[in-house]
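Here the structure comes first, spelled out in C-alpha cells, and everything after it is commentary.
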Amino acid sequence: MSSLRTNQTTSVSAVHELGGSAPWSEVVAYTKLHLSALAFVHPESRTHIKQCRCKAHAPPDTPATENRTSQKNQLVRIYHTEPSIYRYNEECYLVRETRYSSLQGHGWHAPSDDLVADDAVVGSAVSAVGWWADGGDNGEEAWETRVYYIDKTGKLRERANRTSFTPEVKDEFEHELPDPLQLVPPTPGWKLTPLSDAGSAADSGSSTAATTFPAVSPLRGSKLAAVRSEDGKVHVFYQARDHSLREMLFAPGAGWAAVEGEDRQVVAGSDSAKPGTSLTAVSGGWAEVRLFYVTPADKLAGVYADDHTRWTAIDIPAYTLPPTAMLAAVAWNYASPFFEMHIYTTDDKDDLYDLAFSRDSGGWAPAPRSVKKVPSASLSPARGSGAPLSAVTAIIVDDEWQTKVYFHPRRQIAVWDVCSADISCNGIPKTSEAAAERRRIEEETRVKIKEEEERKESLRRKAEERARREEEERLRREEEERNERLQQEAEEKARREEEERARQAKPVLPNSVTLRHPKAIMGALEGAPTNVDDEFRALDLPFAVTLYGYASTKLWVTDNGMLCLDQSTHARNNRTGKPLPSRENIPPYTMFPFWTDLMIVQGRPHGIYYEIVGEAPSRSITVEWYVTRYGNESQYFHFNLLLEEARPNVVTFKYYDAVDKGAECTIGVQGPTKHLMFSHNQPKVYKGLKLVFNTADNTVAETRFQP
14 MSSLRTNQTT SVSAVHELGG SAPWSEVVAY TKLHLSALAF VHPESRTHIK
64 QCRCKAHAPP DTPATENRTS QKNQLVRIYH TEPSIYRYNE ECYLVRETRY
114 SSLQGHGWHA PSDDLVADDA VVGSAVSAVG WWADGGDNGE EAWETRVYYI
164 DKTGKLRERA NRTSFTPEVK DEFEHELPDP LQLVPPTPGW KLTPLSDAGS
214 AADSGSSTAA TTFPAVSPLR GSKLAAVRSE DGKVHVFYQA RDHSLREMLF
264 APGAGWAAVE GEDRQVVAGS DSAKPGTSLT AVSGGWAEVR LFYVTPADKL
314 AGVYADDHTR WTAIDIPAYT LPPTAMLAAV AWNYASPFFE MHIYTTDDKD
364 DLYDLAFSRD SGGWAPAPRS VKKVPSASLS PARGSGAPLS AVTAIIVDDE
414 WQTKVYFHPR RQIAVWDVCS ADISCNGIPK TSEAAAERRR IEEETRVKIK
464 EEEERKESLR RKAEERARRE EEERLRREEE ERNERLQQEA EEKARREEEE
514 RARQAKPVLP NSVTLRHPKA IMGALEGAPT NVDDEFRALD LPFAVTLYGY
564 ASTKLWVTDN GMLCLDQSTH ARNNRTGKPL PSRENIPPYT MFPFWTDLMI
614 VQGRPHGIYY EIVGEAPSRS ITVEWYVTRY GNESQYFHFN LLLEEARPNV
664 VTFKYYDAVD KGAECTIGVQ GPTKHLMFSH NQPKVYKGLK LVFNTADNTV
714 AETRFQP
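Going by this note's numbering, the sequence shown opens with residue 14, and the numbers climb by one from there.
Okay, here's the thing in C-alpha cells:
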C-alpha cells in the first residue's frame, strides 16, 4: 500500500497565499531560464532511513553518520538553460551542466564539455534523472544521466551520458577533438536518442523501442518533470497540447512507451492544470511516483500512482501560488513512519517557501512556511514588476541529508541551504578550459565550413554560367539549322513549281469520272483551277454513315486517298501510306481506299467528286478520286468509295485504274481498337477490283465488277 495513502489528512478549508494577503500582480509569462539538479555519492550509498541534520530528533535505529562524508565523494550536478551565445544557432537555447564534488580541490566546476544540448527551443524546460548503471564486462562503476528538453522543432528530446568512476572519472563525451580541416564541428558530447518513426514508440520489447525515443510534441511552453522509480523505470511528464498532463515511461529492456492521444498516458485531464504549469515529481517505495502541478485557479495539486494503483488525486490543502510560480520537490523515508515530502516555491522577492508533508507530524502543514527571507538587495525584480518568478530545483545531499534549493532569477545561480536557512552564490554556472577549447575549435571549424560552402557556391555559379553559355550556343545552332531548313523548303517549293509548269505542258488525261452527277470536292471536270497537294476538305451529309459502330454525318476527304469521320488529318504528315494500324495524327475512324502521295494538277480534269443518291432510309454516297501521283504525272489513279445508309459498318472500294497496281499504297480501314488491311505496298490492285469491308465482323470480301 502506498505510504502516502496510509495517512492522508483532510483538506484544509482556509486558502493560504504566499507572502501575506496582498494580491499578486499579473505576470505575463513564465521564466525562460530553467533548472534541474541531481545529487549522489561515490561509492554508492543505500541508506534506507534518512535523517535531516536540522531535525530536532532522529528516527529510531538511524545509522551512525560520523565520518561518513570523509569516505564518500558527494556529487551534485546542475543543468540549466540559457540563450545561445553562438552564431550558428542564435535562434536556440543551450542546456549546460555545472558539477560539484566534495573531494579536496574540486568544489564547483565544469566538466570537459559543459554543453549538453545546443538545439533547445527558446525557453525550453529541462529535467534530469540519474542512477548507478551496470558498468559492463569491465566492471566500471558508471553513473548514467539522462536530460530531457524540448528542441527547436517542438519535439521532446532525450540526451544521455555515462560517467565512469574507475579507474578514473571519465565521461563518454571525452574524445579527441576533430581537426578543423576535417570540416566536422564538435557537437554536444551527450548522445541524442533518435526519434522513433510515425510519432510513436515501437512495440514494447523491440530493439527499436529500447534505442529510440517517442516523437512527442508537447504544448508550447510545457514544463517537464522526470524521476526514476525503484523498479528502474524512468517517468517523464509533460503537458500536452490539450492541456492534459501525460507520462512517457521507459522500462529497462523494453524501452519507451508513449503514444500521443492514448488515454493510458494521461496523468491529469485537460481541465486539471493551467497552461504552462510548473511540474515536479518524486518517487519512492513500491514504485510509487507523485507528480505536483498548478491548477487553473493557481492552487497546488498532485496525483500519485504505484504498481497497484492508477493515477489518483492527492489530498492537498488549498495552497494558493503566484501565477508563474515554479515548483521543486524532495522526499525521503518512503514506506516508513518518518516519511517526509517538501515542495518548494518562491515569491517575487526570492523568498523560499516550503509546502511540507510529514507522516510523523500528522500530514500536510496547514500553511506554507517561509524558509528564509533573502537580504533586501534581492536578485529578483521588485514586487509588482510583472516579471516571471525564478525557476527552482531541489536535491537532498546524500549521507548528510541536507536539502538544497537552487534558483536563478537572473543568469547567476544561487542556492538555499534549507537546514542552515542560508543563501549563497557559488559562481554557478562554471565553464572549463576544455569546454572553451571545444567551442573555439567548433567556431574555427564552422568558419572553414562557411569558406568551403562559399567555394562550392562559386563553383556552382561558374557551372551555371557555363551552362548558360552552352544553352545560348545550342539556341544559336538551332536558329541556323532552322534558317537552313527554311531555305531548303523554299528551294524545294521552287523545284516543285518548276515541275508543275513542266507538267502543265503535257497533254490532259482523258476524263473518265463514273458518277452521273458529280459534285467537285477538289479540282474540276473542266480542269483544276489550282494545284491541290496534301490538303483535306469537309463534307456534311444529310444522313449518317457508320464505321465500327460509330455514326457520323461529317466526312473529311484528302487528296492522298483517305476519308475520315468527324475529324481531319494532317495530310502533309500523312502523305505516304503506312502499315495498319497507324493512328499517329490520324482520326480514330478512317478509310484508306488508296493511301499514298497523290495530287491534283492545275488545268487537268483531275479532282475528287461525290454524289448522293436514293431516298431515306436507303441513301448512299459515293466519293470518287481521279488523280495522279506526286512527282510522276504519268501515273494516274481512278477509284471510288461507297457508304450506304441502309448498310451500316460496310464500306465498298472500287478500282478503275491504278498504274502501279497498288505497289506503293495502303488499302484498308481502321477504328480506335480494330483495323483491317487489304494490302500495303503490294501490287494487288487491278481494273475491276471490288473490296467490301464489313467492320461489324471485321472482314473483307474481294470480288470483280465490270468497269
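Heads up, the beta-carbon is just placed ideally off N, CA and C, and yes, glycines get one too. These numbers were taken from a predicted model, which means no experiment stands behind them.
Query, Result
"Inter-residue spacing [alpha-carbon to alpha-carbon] between V636 and E504", "35 Å"
"Which of helix, strand or coil DSSP assigns to D74", "Low local confidence applies: a pLDDT of 48 at D74 is under 50, so the model's placement there is unreliable, with the coordinate-based value given in what follows. Here D74 sits in coil by DSSP."
"Nearest to P318 (by Cα), restricted to the options P288, A281 and V343", "Sequence inspection shows Ala at residue 318; the Pro mentioned does not correspond to that position. Looking at the Cα atoms, A281 is the closest of the given residues."
"Per DSSP, the bridge partner or partners of A133", "Y106 and D164"
"Secondary structure of D546, DSSP reduced to three states", "strand"
"Residues of its chain near Y161, where Cβ-Cβ distance is below 6 Å and the 5 sequence neighbours each way are ignored", "S140, E171, L237, A239 and V249"
"Strand pairing of W324, partner residues [DSSP]", "None; W324 has no bridge partner."
"Alpha carbon of A270 to alpha carbon of K461, nearest angstrom", "42 Å"
"Helix, strand or coil at I184 according to DSSP, with G and I counted as helix", "Checking the displayed sequence, the identity of residue 184 turns out to be Asp instead of Ile. The answer is strand: DSSP assigns D184 an E or B state."
"Local conformation of L538 per DSSP, three classes", "coil"
"Neighbour-count burial assignment, G297, 16 or more Cβ in a 10 Å radius", "buried"
"Nearest to V431 (by Cα), restricted to the options A541, R452, I408 and R100", "I408"
"Reduced DSSP category for Y306 - H, G, I as helix; E, B as strand; rest coil", "strand"
"CA nearest to the CA of T206, picked from T158, E478 and Y251", "T158"
"contact_flag[the segment 559-577, the segment 606-617] where n(CB pairs < 8 Å) is 3 or more", "yes"
"As assigned by DSSP and simplified to three states, the class of Q648", "strand"
"Minimum C-alpha distance to A714 - residue among P720, G681 and N694", "G681"
"As assigned by DSSP and simplified to three states, the class of W203", "coil"
"Neighbourhood of G590 by C-beta, 6 Å cutoff - its chain only, sequence neighbours within 5 removed", "W608, T609, C678 and T679"
"As assigned by DSSP and simplified to three states, the class of D284", "coil"
"Inter-residue spacing [alpha-carbon to alpha-carbon] between E484 and Y643", "41 Å"
"Exposed unless 16 or more other CB atoms sit within 10 angstroms - verdict on F263", "buried"
"Reduced DSSP secondary structure (H/G/I, E/B, other) of Y347", "coil"
"CA-to-CA distance, E353 to T333, given in whole angstroms", "21 Å"
"CB of T665 within 8 Å of CB of K703, strictly", "yes"
"Inside the segment 414-502 only - beta strand (DSSP E) runs reaching at least 3 residues", "415-420, 426-430 and 435-441"
"Sheet register partners of P720 (DSSP bridge)", "Looking at the DSSP assignment, P720 forms no beta bridge with any residue, so it has no partner."
"In chain order, each beta strand (DSSP E) run of at least 3 residues that lies wholly inside the segment 550-590", "563-571 and 575-578"
"Beta-carbon proximity check, V428 vs A341, cutoff 8 Å", "no"
"Cβ-based neighbour list, E243, same chain, cut-off 6 Å, excluding 5 preceding and 5 following", "A300"
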